[in-house]
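Numbering (my numbering), first residue to last: 1428 to 1960.
Glycine is no exception: its CB is placed at the ideal position from the N, C-alpha and C atoms.
Accompanying notes for the structure given below.
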């Protein structure tokens, strides 16, 4: 029994030991599992954290790159917009005097270069080809002004609605006007080139051009007339650019054209042996290149002028308004020039010496009058933008400021010509030609005494045009034509060359007597008019 009992106790102990070992083993396994799970969890969390941090860093870098790129793009866009804004000038805001000066100075530079070219052209022709060639080319000045003046006037008139829409901030309508301007210029240029080319001979004969100068006049002016499309191209593009307030760019291209023109003039006559046709070809080529440069600049620098397909649609409303503005302005130049043609016809009857004196005197006077031309062109854009913006009081203030500027200059240049008028013509005319030199000095002094009335003609007439009343400006041209015709038919037969010297001053006085009351009437009408569409 005792042995059995001991075996039972022993068996129980074995079982207890096995159970204990089993429990310990299970506990150990459980602890190991828990530790393993904890380690796995910690590792997983650590990996997740590292991955998350890495992803966050990568996302942060991508975001930084995107922001950097956006900032660069924004800066580029803002810089481009700022550059465009600096190119364009809003004349409806700010001090009128400062704006007029800022806009007019580049215009003055361009006009000076244009006149400088004309003077050099005259010097080259006069010195290298002789007095008859100079008289022949000079005798075409009036007819050239009549035709080219029509082109210049049309393009300036076409640009007025563009200036008005720019002032009114109506860009869609602005582009439609530009699209219709392109079509009108193509049509008018083609018609004029064909008709005038056929009539050149008859026109010169009708002007009583002397036989000794006829061939020179014909050879020169016929080529100039064939280049009418290039005249349209430059004046169209430059007028549109100026209407947006940029007066600098057209001047830069004009300077380029003038320098090229002078070089081609000299090369064609001195080295290639051309006659007066050399300078004529040079003028056409130079004008073509300057027009193309303006066209390229318009597309690159003015997003506002990027035309869409719909902008090129031929629309009656737009081309009617363009014709209403452009044709009267073109006719104004031509009508004024008709008086000059009539006057030139009378001067041609006086002989080669008076013809040469008038030609040289007009070149010098044209150079002296650059300031008046620049002020006039400035006021067309100034009045156009302010009319579009409804700032009518600024138009009146600007006109008076521009008139004061012009009057001050008129007095200054008059004094200079009185004292130096005998020496300046020697630039064009040989010192041996004493009679021609005396007559040229006489022409310059008589004209300079009336430069203040000329100031009013330019400033007030162009302001009226910019306001949209081109018909009134055309009537001022009619008054100039009447005055010059009166001198040609009545006074030159009696007083001869002296009467011819007073033709332009009388024309300016006639125009002023109409323009001054017309301006105030136009301003009154403008204030009561509904906005221009």
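Original post:
What is the rounded straight-line gap between the Cα of residue 1739 and the Cα of residue 1866?
Top reply: 53 Å
Subject >> Start-to-end residues for the alpha helix (DSSP H) that takes in residue 1633 >> reply: First-last of the alpha helix (DSSP H) with residue 1633: 1598–1633.
Original post:
How should residue 1809 be labelled, buried or exposed, when 16 other C-beta atoms within 10 angstroms of its C-beta is the threshold for buried?
Top reply: buried
Original post:
Which one of 1521, 1745 and 1525 has the shortest CA to CA distance from residue 1611?
Top reply: 1745
Subject >> Residue span of the alpha helix (DSSP H) that contains residue 1911, given as start and end >> reply: For residue 1911, the uninterrupted alpha helix (DSSP H) segment begins and ends at 1897–1913.
Subject >> Beta-carbon contacts of residue 1813 that lie in its chain and below 6 Å, excluding the five residues immediately before and after >> reply: 1519, 1821 and 1822
Original post:
Hey, how far is the Cα of residue 1916 from the Cα of residue 1815?
Top reply: 43 Å
Original post:
How would you call residue 1572, buried or exposed, if buried means at least 16 neighbouring beta carbons within 10 angstroms?
Top reply: Here residue 1572 is buried. Its C-beta has 16 or more other C-beta atoms within 10 Å.
Original post:
Between which two residues does the alpha helix (DSSP H) carrying residue 1719 extend?
Top reply: 1704–1728
Subject >> Cβ-based burial, residue 1789 [other Cβ within 10 Å; buried from 16] >> reply: buried
**OP:** Take the Cβ of residue 1706 as the centre, count every other Cβ of all protein chains shown within 10 Å, and call the residue buried at 16 or more, exposed below.
**Re:** buried
Subject >> Cβ shell of residue 1786 (< 8 Å), same chain only, five flanking positions each side left out >> reply: 1549, 1561, 1562, 1564, 1565, 1566 and 1568
Subject >> Reference residue 1624, options 1604, 1606 and 1652, closest by Cα >> reply: 1652
Subject >> Complete alpha helix (DSSP H) runs within the segment 1638–1683 (minimum length 4 residues, chain order) >> reply: Entirely contained in the segment 1638–1683, the alpha helix (DSSP H) runs reaching 4 residues are, in chain order, 1638–1653 and 1655–1670.
Original post:
What is the DSSP secondary structure of residue 1512, counted as helix, strand or coil?
Top reply: The predicted position of residue 1512 is uncertain, since its pLDDT is 47 and thus under 50; a value taken from the coordinates is nonetheless stated next. In the structure shown, residue 1512 sits in a helix (DSSP, three-state: H, G or I).
Original post:
Mapping DSSP to helix, strand and coil, what is residue 1695?
Top reply: helix
**OP:** Would you kindly work out how many angstroms separate the C-alpha atoms of residue 1832 and residue 1860, rounded to a whole number?
**Re:** 37 Å
Original post:
So, helix, strand or coil for residue 1795, using DSSP?
Top reply: helix
**OP:** Express the C-alpha separation of residue 1930 and residue 1914 in angstroms, rounding to a whole number.
**Re:** 6 Å
Subject >> Residues near residue 1645 by beta carbon distance below 7 Å, same chain, minus five either side >> reply: 1627, 1628 and 1631
Original post:
What distance in whole Å lies between the Cβ atoms of residue 1762 and residue 1905, which are believed to be in contact at a cut-off of 8 Å?
Top reply: Between residue 1762 and residue 1905 the Cβ distance is about 5 Å, and since that is below 8 Å, they are a contact.
Original post:
Could you check where the alpha helix (DSSP H) with residue 1846 kicks off and where it finishes?
Top reply: 1819–1847
Original post:
So residue 1543 packs on residue 1685, CB below 8 Å; how close in whole Å?
Top reply: By a beta-carbon distance limit of 8 Å, residue 1543 contacts residue 1685. Their separation comes to about 7 Å.
Original post:
Going by other Cβ atoms of all chains shown within 10 Å of its Cβ, with 16 needed for buried, is residue 1501 buried or exposed?
Top reply: Note that residue 1501 has pLDDT 48, beneath the 50 cutoff, so the model's placement of it is unreliable and the number below is only indicative. Exposed: under 16 other Cβ atoms inside 10 Å.
Original post:
Do you know how far the Cα of residue 1488 is from the Cα of residue 1583?
Top reply: 56 Å
Original post:
Would you report the Cα separation of residue 1591 and residue 1662, rounded to the nearest angstrom?
Top reply: 18 Å
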